[in-house]
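Student: Let me give you the structure first, and then I'll get to my questions.
2 protein chains.
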Amino acid sequence: MPKIVDKEKMRAQIQAAAQSCFIQKGYHATRMSDIAKAAGLAKGTLYLYFDSKDELILSLVQVFFDRIRQDISVLPRPQTAEAFVEILRQAVTMQQREMTALIFEVLGPGFTDPRGSQIIDGFFDWLAGHWAEQFADLARMGQIRSGSDPRALARAVIAMLDGLFLHLTLFDPESDIATARREAALTLIATGLRGEEGAATGMRAAG
Amino acid sequence: MPKIVDKEKMRAQIQAAAQSCFIQKGYHATRMSDIAKAAGLAKGTLYLYFDSKDELILSLVQVFFDRIRQDISVLPRPQTAEAFVEILRQAVTMQQREMTALIFEVLGPGFTDPRGSQIIDGFFDWLAGHWAEQFADLARMGQIRSGSDPRALARAVIAMLDGLFLHLTLFDPESDIATARREAALTLIATGLRGEEGAATGMRAAG
DNA sequence: TCCATTTTTGACCAATTGGTCAGTTTCTGG
DNA sequence: CCAGAAACTGACCAATTGGTCAAAAATGGA
Chain A
0 MPKIVDKEKM
10 RAQIQAAAQS
20 CFIQKGYHAT
30 RMSDIAKAAG
40 LAKGTLYLYF
50 DSKDELILSL
60 VQVFFDRIRQ
70 DISVLPRPQT
80 AEAFVEILRQ
90 AVTMQQREMT
100 ALIFEVLGPG
110 FTDPRGSQII
120 DGFFDWLAGH
130 WAEQFADLAR
140 MGQIRSGSDP
150 RALARAVIAM
160 LDGLFLHLTL
170 FDPESDIATA
180 RREAALTLIA
190 TGLRGEEGAA
200 TGMRAAG
Chain B
0 MPKIVDKEKM
10 RAQIQAAAQS
20 CFIQKGYHAT
30 RMSDIAKAAG
40 LAKGTLYLYF
50 DSKDELILSL
60 VQVFFDRIRQ
70 DISVLPRPQT
80 AEAFVEILRQ
90 AVTMQQREMT
100 ALIFEVLGPG
110 FTDPRGSQII
120 DGFFDWLAGH
130 WAEQFADLAR
140 MGQIRSGSDP
150 RALARAVIAM
160 LDGLFLHLTL
170 FDPESDIATA
180 RREAALTLIA
190 TGLRGEEGAA
200 TGMRAAG
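Sequence lines, in order, name chains A and B. FYI, in numbering that gives the first Met the number 0 the residues of the first sequence are 0 to 206. FYI, in numbering that gives the first Met the number 0 the residues of the second sequence are 0 to 206.
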């Protein structure tokens with residue numbers, strides 16, 4: 000007898016509206032009324048689907064990382080160094096760039112809910128493990144040098160890639176400069192992965 | 000006859016208090032009254048030295064990047080690839096880590112004052128030029144490969160280093176893991192810089 | 001000591017906003 | 001077509017906060 004709505008669909012609809020607003024104006028500058036208007040709902044309705052503004056952004060962050068994880072995990076296991084670099088290229092070219100800046104805005108020192116950092120930590124932990132395995136495989140196959148601990152190497156590559164992604168996001172996203180930078184970075188990483196061991200750092204002069 | 004105060008000194012004092020508050024609680028969560036209390040002043044007094052909260056944070060961002068620029072520009076010109084990597088190590092180990100997250104929080108989509116991005120763009124432009132020169136020199140001296148455009152290479156290294164810095168900042172700042180990651184990344188970069196040309200990307204297989 | 005001038009103060013204000021809830025609308029099944 | 005339950009609404013509220021300004025305090029010189 001009662002009215003029935005698809006709760007999940009409504010949540011998704013609100014999330015879409017919220018994401019659009021947040022990306023456009025930033026988290027703090029976005030008002031719940033903005034989101035309501037964008038979603039074609041009254042403000043009160045939002046609270047039937049999300050307990051608070053924090054819950055809303057948190058759910059967006061979750062969805063964001065879940066999707067990236069999904070995208071990455073379906074890629075085929077690389078059998079060569081080149082194939083892995085191609086994965087890196089895809090990762091850094093991935094869509095949803097606008098979310099990145101937003102996430103930084105939200106999860107700064109002012110955001111006290113620990114679930115925020117949990118999501119991010121969890122994602123990077125997973126990715127480090129995922130790629131560490133692949134590094135180990137590639138090293139075993141002689142595709143890359145095998146000097147470093149795969150996990151440390153994975154974390155290093157992730158961090159650098161994240162920076163690359165960030166800079167591509169924040170500065171001139173689609174320009175030639177961006178492309179040149181991206182390829183220069185990938186070349187650097189690829190060469191570094193393949194290069195002979197112990198080649199770097201002050202160690203070399205010492206040893 | 001009148002009372003006289005050292006305006007610059009007061010500004011610096013307020014900036015110090017503000018920075019401490021912002022770092023601790025985040026920009027948005029910090030109240031002007033918090034800053035006043037931390038500085039040992041009344042709220043109204045703050046407005047005698049800074050026009051607004053935005054001006055205050057903006058001045059902090061400016062000081063932050065000015066200082067980094069200063070720190071980097073006084074380093075001696077590297078004559079070897081190893082020396083350059085050592086510079087990178089210093090750059091990424093630099094203090095004031097806490098400011099980084101703050102800057103991301105502040106200069107997100109919600110911050111409309113263009114001076115914010117100007118400061119950052121300006122800094123990275125300067126750094127790219129600075130290092131591009133050094134790359135060109137090192138390439139001329141045969142210390143690093145000379146295939147890439149020095150400026151693109153510089154921007155790539157900067158982006159990757161920024162990511163590294165960021166990850167070191169946000170996750171386990173002082174742990175062994177962080178050290179391992181940092182050294183893995185530096186080794187990778189060093190090897191990549193020195194490595195033979197055209198070694199990477201799908202090109203290799205094709206060429 | 002006293003004045004002129006600068007500096008400081010903090011109560012106050014206007015504007016804002018996340019969140020609530022009593023009342024209204026919409027839908028379903030009979 | 002109706003009743004009842006679910007869903008929706010938006011005026012309202014309590015709390016907050018950046019910023020102001022008239023009054024008070026502090027200072028240095030005469």
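A virtual CB, placed ideally from N, CA and C, is assigned to each residue, including glycine. Because the structure is a prediction, the values reported are computed rather than measured.
Could you have a look at Lys-2 (chain A) and say whether DSSP puts it in helix, strand or coil?
Tutor: In the structure shown, Lys-2 (chain A) sits in coil (DSSP, three-state: anything other than H, G, I, E or B).
Student: Could you name the residues of chain B that Asp-136 (chain A) contacts, counting a contact when the two beta carbons are closer than 7 Å?
Tutor: Per Cβ cutoff of 7 Å: no residues; Asp-136 (chain A) is ~17 Å from chain B at best.
Student: Taking Thr-92 (chain B) as part of the alpha helix (DSSP H), name the residues at either end of that continuous run.
Tutor: Thr-92 (chain B) -> alpha helix (DSSP H) spans 80 to 92.
Student: Let me see if you follow: with CB-CB separation under 8 Å, is Met-31 (chain B) close to chain A or not?
Tutor: Taking Cβ atoms only, chain A never reaches closer than 8 Å to Met-31 (chain B), which makes this a no.
Student: Is it right to say Asp-175 (chain A) is buried, meaning 16 or more other beta carbons lie within 10 angstroms of its own, or is it exposed?
Tutor: Exposed, by the Cβ-count rule.
Student: Start and end of the alpha helix (DSSP H) containing Ser-116 (chain B)?
Tutor: First-last of the alpha helix (DSSP H) with Ser-116 (chain B): 113 to 139.
Student: Can you list, in chain order, the residues of the region 49 to 63 of chain B whose Cβ is nearer than 7 Å to any Cβ on chain A?
Tutor: Listed in sequence order: no entries.
Student: State yes or no: is the C-beta of Ala-100 (chain A) within less than 8 Å of the C-beta of Leu-169 (chain A)?
Tutor: Cβ distance < 8 Å, so Ala-100 (chain A) and Leu-169 (chain A) count as in contact.
Student: Below 9 Å between beta carbons is the criterion; list the residues of the region 140 to 153 of chain A that meet it against any residue of chain B, in chain order.
Tutor: Residues passing the 9 Å Cβ filter: Arg-144, Gly-146, Ser-147, Asp-148, Arg-150, Ala-151, Leu-152, Ala-153.
Student: Quick one: is the Cβ of Arg-181 (chain A) within less than 7 Å of any heavy atom of the ligand ADP?
Tutor: No copy of the ligand ADP appears in this structure; indeed no ligand is present at all.
Student: Could you give the residue range of the alpha helix (DSSP H) that holds Phe-164 (chain B)?
Tutor: 149 to 169 is the span of the alpha helix (DSSP H), which, as asked, contains Phe-164 (chain B).
Student: Along the chain, where does the alpha helix (DSSP H) containing Glu-54 (chain B) start, and where does it finish?
Tutor: Segment 52 to 72, the alpha helix (DSSP H) holding Glu-54 (chain B).
Student: From A:Arg-144, A:Leu-163, A:Arg-114, pick the residue whose C-alpha is nearest to that of Leu-185 (chain A); which is it?
Tutor: The candidate whose alpha carbon is nearest that of Leu-185 (chain A) is A:Leu-163.
Student: At 8 Å on the CB atoms, spell out the chain A contacts of Thr-168 (chain B), in chain order.
Tutor: Under the 8 Å cutoff, chain A gives no residues; its nearest Cβ is about 10 Å from Thr-168 (chain B).
Student: The alpha helix (DSSP H) with Leu-101 (chain A) in it runs from where to where?
Tutor: Counting along the chain, the alpha helix (DSSP H) containing Leu-101 (chain A) begins and ends at 96 to 105.
Student: Assuming Gly-109 (chain B) contacts Lys-52 (chain A) (C-beta within less than 8 Å), just tell me the rounded distance between them.
Tutor: In fact, because the Cβ distance is near 14 Å, the residues do not count as touching under 8 Å.
Student: Between A:Asp-148, A:Ile-56, A:Ala-138, which has its C-alpha nearest Thr-29 (chain A)'s C-alpha?
Tutor: The shortest Cα separation from Thr-29 (chain A) among A:Asp-148, A:Ile-56, A:Ala-138 belongs to A:Ile-56.
Student: Alpha carbons only, please: which of A:Ala-38, A:Phe-21, A:Ser-32 is nearest the one belonging to Lys-8 (chain A)?
Tutor: It is A:Ala-38 whose Cα lies nearest to the Cα of Lys-8 (chain A).
Student: I want to verify the contact list: residues of chain B whose CB lies under 8 Å from the CB of Ile-22 (chain A), in sequence order.
Tutor: Per Cβ cutoff of 8 Å: Pro-108.
Student: Taking its Cβ as the centre, do 16 or more other Cβ atoms sit within 10 Å of Gly-15 (chain A), making it buried, or is it exposed?
Tutor: Reading the sequence as shown, one finds Ala at residue 15 (chain A) and not Gly. Exposed.
Student: Which chain B residues sit within Cβ distance under 7 Å of Ile-27 (chain A)?
Tutor: A small correction: the amino acid at residue 27 (chain A) is His; Ile does not occupy that position in the sequence shown. His-27, Gly-109, listed in chain order.
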